[in-house]
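As you go down the protein sequences, you meet chains A and B in turn. Under my numbering, the residues of the first sequence are numbered 855 to 1042, in order. Under my numbering, the residues of the second sequence are numbered 5 to 130, in order. From the three backbone atoms N, C-alpha and C, an ideal C-beta is built for every residue, glycine too.
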Amino acid sequence: MGLNVPQSMADSLLVRARGGDAAAFAGLVRAHQRSVYSIGWRMLRRRDAAEDLAQDVFLQLYRKLDHIESMEHCGFWLRRVAANLAIDWLRRVPYSATQPLEEGAAVAAPLRDDDPLMSRQLDRLLGELSPAARAVMLLRYQEDLDVADVGAALDMPVNTVKSHIKRSLTQLRSRMIGAKLVDCEVPT
Amino acid sequence: MSENFENELRRALRPIDAPDGFAERVMRALPAQRDREPLPAPEALPTRRLVRRFAVPAAFAAALVVSMLLGQHVADVQRQRTEQQAGLAASRELMEALKVTSQKLDLAYQAVKTPPPPAGDEENRT
């Protein structure tokens, strides 16, 4: 959850939102917007598309509030819908159309206390993975879901999730090493 | 190394803040009246689920019964045919035996009917 709200308060937010309290629903949006927007942004690599996707996800939540059992369920549901909508979006839109977001990355990426170059590099390389693999990596490493939850969110067997993670880690690591070698080359 | 890389990845993939005013824009986009999506009604009768669950075993059992009945019928027909052939062979043998008996009786009859040779002939011979 994005906001540090006690569980009982968070659940009462959900109950009030279900009862039609607009302010409570806005609270729900604020609590989860970071997570949903990040999934959209890292999947689609475009700020406008990410915002549209996140908005769509919250509109769906608004319609399905009666199905949501708890704040925990709400968080899982939002991640699941965001990841699947993003995969669908990438299937509809040609892959090349999602690529040119380097300027967006520079604007949107937060300041980090660790190696910002490496983080940006990893972020960029993640964009080269297939949509399904990217969604798996985001739910696993950005949202910190365990493999079973990632599988449940993406309707994927656990073994498929594991093999996506293994393959993607290998690919990212080798690309990082390659990139570092290129960076270290001294121009003659 | 692997764990370091995964931690690096976690750091690189920290969630990003949504743009300013995002929640307000979502709230403005909400429909005035919430069209509540009805909760999924419980299935009236689990007929379809039952059919789906038992269709394959039932078809398998039916196929098994049909093949058993068919096999039994084929075996009956085969047995009848064998019995018929055995009966025919037995009747052929009986006819043959009757024919042989009849020929023997004919010979015996002929032997009885033929008069014995005269007595003088017998004396001359000795």
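8 Å is my cut-off, CB to CB: does residue i come that close to chain B?
i: Gln996 (chain A); result: yes
i: Leu944 (chain A); result: no
i: Val883 (chain A); result: yes
i: Gln1025 (chain A); result: no
i: Ala999 (chain A); result: A quick correction: the sequence has Leu, not Ala, at residue 999 (chain A). No, no contact with chain B.
i: Met977 (chain A); result: Per the sequence shown, residue 977 (chain A) should be read as Asp rather than Met. For Asp977 (chain A), the answer is yes, since a Cβ of chain B falls inside 8 Å of its Cβ.
i: Ser1028 (chain A); result: no
i: Arg835 (chain A); result: Nothing can be reported for residue 835 (chain A), as the shown portion of chain A is limited to 855 through 1042.
i: Trp895 (chain A); result: yes
i: Arg933 (chain A); result: no
i: Arg1021 (chain A); result: no
i: Arg888 (chain A); result: yes
i: Ser892 (chain A); result: yes
i: Pro964 (chain A); result: Any reading at Pro964 (chain A) must be qualified, since the residue scores a pLDDT of 47, below 50, and its modelled position is unreliable; the value itself is stated next. Cβ-Cβ to chain B under 8 Å: yes for Pro964 (chain A).
i: Leu971 (chain A); result: no
i: Leu992 (chain A); result: yes
i: Gly958 (chain A); result: In this predicted model, Gly958 (chain A) has a pLDDT of only 45, less than 50, meaning its place in the structure is not dependable; the value taken from the coordinates is given anyway. By this cut-off, Gly958 (chain A) is not an interface position.
From which residue to which residue does the alpha helix (DSSP H) around residue i run?
i: Leu932 (chain A); result: Met925 to Arg946
i: Asp905 (chain A); result: According to the sequence provided, residue 905 (chain A) is Glu. The question's Asp does not apply to it. Arg901 to Arg917 is the extent of the alpha helix (DSSP H) around Glu905 (chain A).
i: Asp977 (chain A); result: Pro970 to Leu980
i: Asp920 (chain A); result: Element bounds for Asp920 (chain A): n/a, residue is neither H nor E.
i: Pro985 (chain A); result: Pro985 to Met991
i: Arg29 (chain B); result: Phe26 to Ala33
i: Tyr995 (chain A); result: Segment: none, Tyr995 (chain A) is in no alpha helix (DSSP H) and carries neither H nor E.
i: Leu17 (chain B); result: Here Leu17 (chain B) belongs to no alpha helix (DSSP H), and DSSP marks it neither H nor E.
i: Gly894 (chain A); result: Ala876 to Leu898
Quick one: using the 10 Å Cβ neighbour count with 16 as the cut-off for buried, is residue i buried or exposed?
i: Leu898 (chain A); result: buried
i: Glu957 (chain A); result: At Glu957 (chain A) the pLDDT is 45, less than 50, meaning the model places this residue with poor confidence; the figure from the coordinates comes in the next sentence. The residue is exposed, with fewer than 16 neighbouring Cβ atoms inside 10 Å.
i: Tyr113 (chain B); result: exposed
i: Ser924 (chain A); result: exposed
i: Ile922 (chain A); result: buried
i: Phe912 (chain A); result: buried
i: Ile795 (chain A); result: A query on residue 795 (chain A) cannot be resolved here, the shown segment of chain A reaching from 855 to 1042 and no further.
i: Val155 (chain B); result: The structure shown does not extend to residue 155 (chain B), since chain B spans only 5 to 130, so no value can be given for it.
i: Pro19 (chain B); result: buried
i: Ala903 (chain A); result: buried
i: Glu87 (chain B); result: exposed
i: Arg896 (chain A); result: buried
i: Ala1007 (chain A); result: buried
i: Val869 (chain A); result: exposed
i: Leu905 (chain A); result: Correcting the residue type first, residue 905 (chain A) is Glu in the shown sequence and not Leu. When all chains shown are included, Glu905 (chain A) counts as buried.
i: Arg83 (chain B); result: exposed
i: Phe64 (chain B); result: exposed
i: Met99 (chain B); result: exposed
i: Leu867 (chain A); result: buried
i: Ala871 (chain A); result: buried
Contact criterion: CB-CB distance below 8 Å. Does residue i meet it with respect to chain A?
i: Phe9 (chain B); result: yes
Identify each residue in the segment 12-33 of chain B for which the Cβ-Cβ distance to at least one residue of chain A is less than 9 Å, and report them in chain order. For the segment 12-33 of chain B, which is checked against every Cβ of chain A, the residues closer than 9 Å are Glu12, Leu13, Arg14, Arg15, Ala16, Leu17, Arg18, Pro19, Ile20, Asp21, Ala22, Pro23, Phe26, Ala27, Glu28, Arg29, Val30, Met31 and Ala33.
Under 8 Å (Cβ pairs) to chain B, residues found in the segment 902-915 of chain A: Within the segment 902-915 of chain A, the residues whose Cβ lies closer than 8 Å to some Cβ of chain B are Glu905, Ala908, Gln909, Phe912 and Leu913, listed in chain order.
Cβ pair count under 8 Å reaching 3, the segment 968-982 of chain A against the segment 997-1017 of chain A: Cβ pair count under 8 Å is below three, so no.
Is the segment 983-995 of chain A in contact with the segment 939-946 of chain A, if contact means three or more CB pairs nearer than 8 Å? Cβ pair count under 8 Å is three or more, so yes.
Compile a chain-ordered list of the residues in the segment 868-880 of chain A whose CB is closer than 7 Å to at least one CB of chain B. If the cut-off is 7 Å between Cβ atoms, the segment 868-880 of chain A has Gly874, Ala876 and Ala880 near chain B.
When you compare the segment 900-912 of chain A with the segment 878-890 of chain A, are there three or more beta-carbon pairs, one atom per stretch, that lie closer than 8 Å? The segment 900-912 of chain A makes contact with the segment 878-890 of chain A, as at least three CB pairs between them are under 8 Å.
Is the number of C-beta pairs between the segment 25-32 of chain B and the segment 877-888 of chain A that are closer than 8 Å three or more? By the C-beta criterion, the segment 25-32 of chain B is judged to be in contact with the segment 877-888 of chain A, since at least 3 inter-stretch pairs fall below 8 Å.
The segment 1011-1027 of chain A / the segment 7-18 of chain B touching (three or more Cβ pairs under 8 Å): Segments in contact, yes.
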